[in-house]
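Let me begin by presenting the structure, written as structure tokens, before commenting on it.
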Amino acid sequence: MGQGTADGAKSSEARPTRAAEYVRMSTDHQRYSTENQSDAIRHYAAARGIEIVRTYADHGRSGLSISGRTGLQALLDDVREGRADFSLILVYDVSRWGRFQNADESAYYEYLCKRAGITIEYCTDGFENDGSPIATIVKGVKRAMAGEYSRQLSAKVFAGQCRLIELGYRQGGPPGFGLRRQLIDGTGTPKTQLSRGEQKSIQTDRVVLVPGPPDEVQTVGWMFRSFVEEGRNEREIADLLNRSGRLTDLGRPWTRGAVHAVLTNERYVGHNVWNRTSCKLGGVRVRNEAAMWVRRDDIFPPIVDRLLFEAANIIIRERSRSLTDEEMLESLRDLLSRRGFLSGLVIDEADGLPSSSAYASRFGSLLRAYQLVGFTPDRDYRYVEVNRALRAMYPGLVGTIIAGIERAGGAVVRDPATDLLILNDEFTASLVLARCQETSAGAYRWHIRMEAALRPDITIAARLDEGNEAIRDYYLLPRAETGLARLRLAEANGFSLDVFRFDSLDPLFDLAGRAALSEVT
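Quick note: to get my numbering, add 4 to the position in the sequence shown (first position is 1).
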């Protein structure tokens, strides 16, 4: 009996410790690729008799926050919910756990694991994470250094971006209606125009703005002349554009706010202006004062006469300058009483009110203006605006699909009763716009509702970006492949679903065109 007990104890001691590995790759250095991290972790585990039973990975994710890091979120969820079948977590080093700007956040996530009886070991940092005073001090210093690295890198990147702006190069963002992004090489030689969603692939290439199609350029000029010379306001101009069938550069109907944005954007007179707003190190986006803007004037070919642009902006400034503070606030109170809540978009779309930027300029910030009229944005009302934007976006996207299929040689009929698209009299397609939703853990999710009653052959799911302002990508989902009434998508969905993901609608157009061609031949 005694010998049996001893053998059992020896067998238990021989059983290796079960561990999970967590790896994260950002863009700071190749040696931090997830494969290299995993290789180092596995050497560490083999030397200590540790068995790695689970891998959690975040590929190409910043360590500034937990937002978007689905691997770390899944690990912490398993720990909290008691699903973890391991007692140890192996991480390459402290910076791979995170470059949190508040070191306490990094410590908190580690504490969650420790409270569940799970230890974290940093494999290459050269200290034992045993809770000793020395380990606590070293770990605290390394956490601070990891955060400081990101701050220094952010400052260097910002300085580099400022330099590129001053040289006249475009730094991200859509070009705007009437303009296009032109790719040039390191010597300034034009290469090609970038379509929406396309990015440069060579590091030494640069992007500048150039005039867009002549009809768009003419439309921009007409908008300014209508505003300055004919006295039309933004709402009237938007209504006329919509009646003519003209859509914005994002494929949406025109609104008062969209027209206002054109009339006030200096890129139309050739100025390169950047840093109007900023969001440093994953913080809150703020509107910067004009003194903080980075600019280079007269660097792009203008598509609007300078005097005409200045006249439009004088009218806009004087429109609010003639109002006293109390008159502006009273108008805002009236809008609040009618709508029940306030936002920049709600203000910009309201007739007879100064723009949201005018309120921010007059009172220091929109939040301050909200406070002065008794509005506290304690709820997130963005879903109201998103729903309205989705309703406005839908017809334009359907029109784009129909036009693209017809250009490819296919035929398409829209059923007015169901909105189903009948392609080549052969198969049906349904369009679904999927808004982006952020979970409590900071991850992004898209819920796609299939048209179960209509049973389309293909569901075209257009996923919106994080701000629910533009389309991020498309999923073409055949009914036979999904067979679901609802589908929940994450940022990355594995091979089985990613085979249906596309950055544009071209595959659908090609499918319809080939089907029509085979029908003819």
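Even glycine gets a Cβ: it sits at the ideal position worked out from N, Cα and C.
Requested in this report: With distances taken Cα to Cα, identify the nearest neighbour of histidine 451 among Ala50, Glu334, Glu495 and Arg174.
Outcome: Glu495
Query - tyrosine 48 - DSSP class collapsed to helix/strand/coil - result: helix
Query raised in the report: Nearest-angstrom Cα distance between proline 460 and isoleucine 426?
Result: 9 angstroms
Query raised in the report: Who are the near neighbours of arginine 58 in its chain, counting only those whose CB is closer than 7 angstroms to its CB and skipping five residues on each side?
Result: Ala24 and Phe90
Query raised in the report: Taking DSSP as the reference, what is the three-state secondary structure of histidine 264?
Result: helix
**Report entry** Boundaries of the alpha helix (DSSP H) in which arginine 223 is found, first to last residue
**Finding:** The sequence shown places threonine at residue 223, rather than the arginine named in the question. Looking at the DSSP string, the run of the alpha helix (DSSP H) that includes threonine 223 is 218–232.
Query raised in the report: Would you call the region 72–85 and the region 41–52 in contact, with 3 or more CB pairs under 8 angstroms?
Result: no
Report task. Report yes if the C-beta distance between leucine 437 and leucine 394 is below 7 angstroms; otherwise report no. Result -> yes
Query raised in the report: How about valine 263 and glutamate 238: do their beta carbons lie closer than 7 angstroms?
Result: yes
Query raised in the report: Under the DSSP definition of a beta bridge, which residues are partnered with serine 434?
Result: Thr463
Requested in this report: Determine contact between the region 461–480 and the region 503–512, defined as no fewer than three beta-carbon pairs at a distance below 8 angstroms.
Outcome: yes
Requested in this report: Can you tell me which of the three DSSP states proline 511 falls into?
Outcome: helix
Requested in this report: Find out if the Cβ-Cβ distance for the pair valine 221, proline 215 is shorter than 7 angstroms.
Outcome: yes
Query raised in the report: Taking the alpha-carbon positions, what's the valine 83 to alanine 242 distance?
Result: 53 angstroms
Report task. Can you tell me which of the three DSSP states phenylalanine 526 falls into? Result -> This structure leaves residue 526 out entirely; the chain is present only between 5 and 525.
Query raised in the report: Under 7 angstroms, do glutamate 331 and threonine 259 count as touching if we go by C-beta distance?
Result: no
Query raised in the report: Hey, isoleucine 319 and valine 232 are a contact pair by Cβ (cut 8 angstroms); roughly how many whole angstroms apart?
Result: 7 angstroms
Requested in this report: Note down the Cα distance separating leucine 340 from proline 358, rounded to an integer number of angstroms.
Outcome: 14 angstroms
Query - Euclidean distance between Cα positions of phenylalanine 379 and serine 99 - result: 41 angstroms
Requested in this report: Give the straight-line distance between the Cα atoms of asparagine 472 and alanine 150, rounded to the nearest whole angstrom.
Outcome: 32 angstroms
Requested in this report: Specify the secondary structure class of asparagine 276 as computed by DSSP and reduced to three states.
Outcome: strand
Requested in this report: For asparagine 106, count neighbouring Cβ atoms within 10 angstroms of its own Cβ and tell me buried if that reaches 16, exposed if not.
Outcome: exposed
Query raised in the report: Hey, how far is the Cα of serine 71 from the Cα of glutamate 109?
Result: 12 angstroms
Query raised in the report: If you draw a straight line from the C-alpha of proline 306 to the C-alpha of asparagine 428, how long is it?
Result: 44 angstroms
Query raised in the report: Taking Cβ positions, are tyrosine 153 and cysteine 127 nearer each other than 7 angstroms?
Result: no
Query raised in the report: Short check: CB of arginine 300 to CB of asparagine 276, under 7 angstroms?
Result: yes
Requested in this report: Taking only the alpha-carbon atoms, compute the straight-line gap between glutamate 55 and arginine 119 and give it to the nearest angstrom.
Outcome: 22 angstroms
Query - Beta-carbon proximity check, isoleucine 464 vs leucine 435, cutoff 7 angstroms - result: yes
Query raised in the report: What are the start and end residues of the alpha helix (DSSP H) that includes glutamine 375?
Result: 370–376
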